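Colleague:
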Ligand code: MN
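In this note's numbering, the protein residues as written are 1 to 470.
(1) Write down the C-beta distance between residue 283 and residue 199 rounded to the nearest angstrom, noting that I regard them as a contact closer than 8 angstroms.
(2) In whole angstroms, what separates the C-alpha of residue 467 from that of residue 179?
(3) Select from 386, 401, 387 the residue whose C-alpha is nearest the C-alpha of residue 393.
(4) Distance check for residue 340 and residue 428, CA to CA, integer angstroms please.
(5) So within the stretch 237-266, which uninterrupted alpha helix (DSSP H) runs reach at least 4 residues, ignoring any that extend past its ends?
(6) Output the distance between the C-alpha atoms of residue 268 and residue 206, rounded to the nearest integer angstrom.
(7) Beta carbon of residue 192, beta carbon of residue 381: below 9 angstroms?
(8) Helix, strand or coil, according to DSSP, for residue 460 in the structure here?
(9) Determine the direct distance from the alpha carbon of residue 176 to that of residue 11, and round the result to whole angstroms.
(10) How far does the beta strand (DSSP E) with residue 370 in it extend, from its first residue to its last?
(11) Hey, would you say residue 443 sits closer than 9 angstroms to residue 287, going by beta carbons?
(12) Please name the residue, chosen from 92, 139, 2, 3, that lies closest to residue 69 on a Cα-to-Cα basis.
(13) Using a Cβ distance threshold of 8 angstroms, determine whether the stretch 451-469 contacts the stretch 246-261, with at least three qualifying pairs required.
(14) For residue 470, count neighbouring C-beta atoms within 10 Å of its own C-beta (all shown protein chains included) and say buried if the count is 16 or more, exposed if not.
(15) Tell me, which residues are paired with residue 121 by DSSP?
(16) Any heavy atom of the ligand MN closer than 8 angstroms to the Cβ of residue 262?
(17) Taking 8 angstroms as the threshold, find out whether the stretch 62-81 comes into contact with the stretch 110-117 through three or more Cβ pairs.
(18) Does the Cβ-Cβ distance between residue 185 and residue 153 come in under 9 angstroms?
(19) Tell me which same chain residues have a C-beta within less than 7 angstroms of the C-beta of residue 298, skipping the five on either side of it?
(20) Report whether the distance from the Cβ of residue 353 to the nearest heavy atom of the ligand MN is below 8 angstroms.
(21) Could you give the DSSP three-state label for residue 111: helix, strand or coil?
(22) Closer than 8 angstroms: is that where the CB of residue 394 sits relative to any heavy atom of the ligand MN?
(23) Ordered along the chain, which non-local residues of its own chain (more than five positions away) have a Cβ less than 6 angstroms from that of residue 456?
(24) Go ahead and pull the three-state DSSP assignment for residue 154.
(25) Count the other CB atoms, across all protein chains shown, that sit within 10 Å of the CB of residue 139; report buried if there are 16 or more and exposed otherwise.
(26) Report the rounded CA-to-CA distance for residue 66 versus residue 55, giving the unit in angstroms.
(27) Here's the rule I'm using: 16 or more other beta-carbon atoms within 10 Å means buried, otherwise exposed. How should residue 374 be labelled?
(28) Can you determine whether any heavy atom of the ligand MN sits closer than 8 angstroms to the C-beta of residue 305, and answer yes or no?
(29) On the DSSP bridge list, what partners appear for residue 138?
(30) Just to confirm, are residue 214 and residue 332 a CB contact at a threshold of 9 angstroms?
(31) Report buried or exposed for residue 350, applying the criterion of at least 16 other Cβ atoms within 10 angstroms of its Cβ.
(32) When you compare the CB of residue 303 with every CB in chain E, is at least one pair closer than 9 angstroms?
(33) Once you ignore the five residues that flank residue 431 on each side, which residues in its own chain have a CB closer than 8 angstroms to its CB?
(34) Rounded to a whole number of angstroms, what is the C-alpha to C-alpha distance between residue 143 and residue 242?
(35) Which whole runs of the alpha helix (DSSP H) in the stretch 153-194 are 4 residues long or more, in chain order?
(36) Compute the Euclidean distance between the alpha carbons of residue 412 and residue 403, then round it to the nearest angstrom.
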C-alpha cells in the first residue's frame, strides 16, 4: 500500500543547491513538497480580489522552483507519457496548482518526483544556472493554502478523545462507538487560511452560569489550538461508490500541518446534539507545504496496536498493509510566544511534543470510512486527523488538555479526580490557561529515522487578534 522506498530517498543524495544540504533544513532533496505560491513582488493590493491558486512550486532548501517553467522548457519529458492519445492532455491542468496535481494519476505524481529529484541532484546534466533563474527564495514568496473544496475533521486520537471526554462528560468519557468508527464532522472550507494569517478571537454564546439561565454572549474566553495533521485528497471517488482500504492511500496526495482553532466555551454550549459548529469554523490554519506520500515512505510505521480487549476494526477498515504500515512516524511540536515575550526579545517556548504514530485510526481507515456510504471525496479535499495527543503530559496537543480545563468559569468546576489545573508558566512570569490576544502559536512537524535524511513540514503559525467590538 505505501509507496516504495527508492533512489529519491537515498540519504547520500545531495543537491547542487547548497541550502538543500544544510542538515537543519526541512526541505532537503529527499523531501520536495509542493506549494501554491506567488513571488511577493507580484502581490495584488486588494486582498479581497486576491484569490489566487498557484502557480505550482516545489520547495528545495530555501528556494521555490516554478514547475511550469521547467515543464515548458521540456525538462520534464517523462511526464509526456501521461499525455492522452486523443491529444486532450490534462498535464497543464495537473501542473497549474496543488489541487490540479491532486487530480493527476498517482503514476504521474510519482514520475514528477523522480524527474525533479534528478534535475535537482548534484551531477545532473541539466543547466543549473537556468534552473536557478526559475527559483524564488522562500523568504520572498507568499504562500496560499491549497484550494480546498471540502473539509472533514476527525477525532482519531484515543488519548485526546479520552482526555476531552473526561472533562466534558466525567461519568462517560469515551462513547461506545469510539473504537468502532473514526468519529468526524464536516468542517468549513471557506475559513481555512494559510500559515501566517492572523486569527480574530471569535464571539459567541457560552453556557449559562446556572442551569436554565440565559447564556453568556461575548468574546470567547477559552480560545485554544489543536495540533493536527491534514491529508490532502488526490483523486476522488464517484458519488455512490466507495474507496477500499487497499486503494485508500492512492487517493491521498500528501500531508500538511493543521491548526484546528477551537473556542472551548462556545463548544461546550453548542456541541450537543449535533457536534461542533461555531466553535470550530471561524478559522483553521494549514501549513502551505504539501509533503507527499512518496516523500513520507521511509517514515511509515504500524497502525496503533489495539489492546487485546479492544474490538478489531470491521473488515472494510482492516488490511495487512494498514496494520503493518498504515501509520506515520511524525514528531509534532507546539511553540507559544506571547506579545510580552516578543517585546522583550524572548524566543517562543515549546509547550508540547507529540507523535502522529499515537493515532488510534489511520488516514487510510478514515478515507475508507468516509466513503463507505458512497460519499464522494474530491481532489483537494482536506481531512483533519483530530488533535494528536499521547500518553505523556507534554504530548497533549491542545491547551484544554495541557492545562487540564483551565476553565475559570465552570460552575461547578469540572475536575476529574486526581487531576489538577496546571496553567502554563511563561518565561515572562505570565500564566496561560487559554490563548490571550497577541499570543502566537507556532506548530512544527518533522520525520527522523536512522539511515534516512530528516524531512520537515515547515511551520504553521497564527497570532490571535482581539475580538471585534460587540
Ligand atoms: Mn479538531
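Every residue gets a Cβ at the ideal spot worked out from N, C-alpha and C, and that includes glycine. If you're wondering where the values come from, they're calculated on a predicted model, not measured in any experiment.
Modeller: Taking the structure as given:
(1) Correct: roughly 5 angstroms between the Cβ atoms.
(2) Using only the alpha carbons, I get a separation of about 38 angstroms.
(3) Residue 401 is the option with its Cα nearest to residue 393.
(4) C-alpha separation (whole angstroms): 7 angstroms.
(5) Taking 4 residues as the shortest admissible run, the stretch 237-266 contains no complete alpha helix (DSSP H) segment at all.
(6) Inter-residue distance for residue 268 and residue 206 is about 8 angstroms (C-alpha atoms, whole angstroms).
(7) No. Outside cutoff.
(8) In the structure shown, residue 460 adopts extended strand secondary structure according to DSSP, grouped into three states.
(9) Roughly 45 angstroms separates the two Cα atoms.
(10) Counting along the chain, residue 370 falls outside any beta strand (DSSP E), though it belongs to the alpha helix (DSSP H) covering 363-371.
(11) Going by C-beta atoms, residue 443 is nearer than 9 angstroms to residue 287.
(12) Residue 69 has its Cα closest to that of 92, out of 92, 139, 2, 3.
(13) By the Cβ rule, the stretch 451-469 counts as touching the stretch 246-261, because three or more pairs are nearer than 8 angstroms.
(14) Under this definition residue 470 is an exposed residue.
(15) Secondary-structure assignment with DSSP links residue 121 through a beta bridge to 15.
(16) Answer for residue 262: yes, Cβ within range of the ligand MN.
(17) Yes: at least three Cβ pairs fall under 8 angstroms.
(18) The answer is yes: Cβ separation under 9 angstroms.
(19) A distance below 7 angstroms between beta-carbons, with the five flanking residues on each side excluded, links residue 298 to the following residues of its chain, in chain order: 5, 9, 449, 452.
(20) Not so, every heavy atom of the ligand MN lies at least 8 angstroms from the Cβ.
(21) Residue 111 falls in the helix class under three-state DSSP.
(22) If you check the C-beta of residue 394 against the ligand MN, you find no heavy atom less than 8 angstroms away.
(23) The answer, listed in chain order, is 26, 446.
(24) In the three-state DSSP reduction, residue 154 falls in the strand class (E or B).
(25) The residue in question, residue 139, is exposed, as its Cβ has fewer than 16 Cβ neighbours within 10 Å.
(26) Going from the Cα of residue 66 to the Cα of residue 55 covers about 7 angstroms.
(27) Label assigned to residue 374: exposed.
(28) Taken from the Cβ of residue 305, every heavy atom of the ligand MN lies 8 angstroms or farther away.
(29) According to the DSSP secondary-structure assignment, residue 138 is paired through a beta bridge with no residue.
(30) Contact: no.
(31) Residue 350 should be labelled exposed.
(32) Looking at the structure shown, chain E is missing, and only one protein chain is on hand.
(33) Around residue 431, the same chain offers 423, 424, 425 as residues with beta carbons nearer than 8 angstroms, after the five sequence neighbours per side are excluded.
(34) In a straight line, the C-alpha of residue 143 is about 33 angstroms away from that of residue 242.
(35) Those alpha helix (DSSP H) runs which fall completely within the stretch 153-194 and span 4+ residues are 158-168.
(36) The pLDDT assigned to residue 412 is 39, lower than 50, so where the model puts this residue is not dependable; a value taken from the coordinates is nonetheless given after this. Cα-Cα distance, rounded: 18 angstroms.
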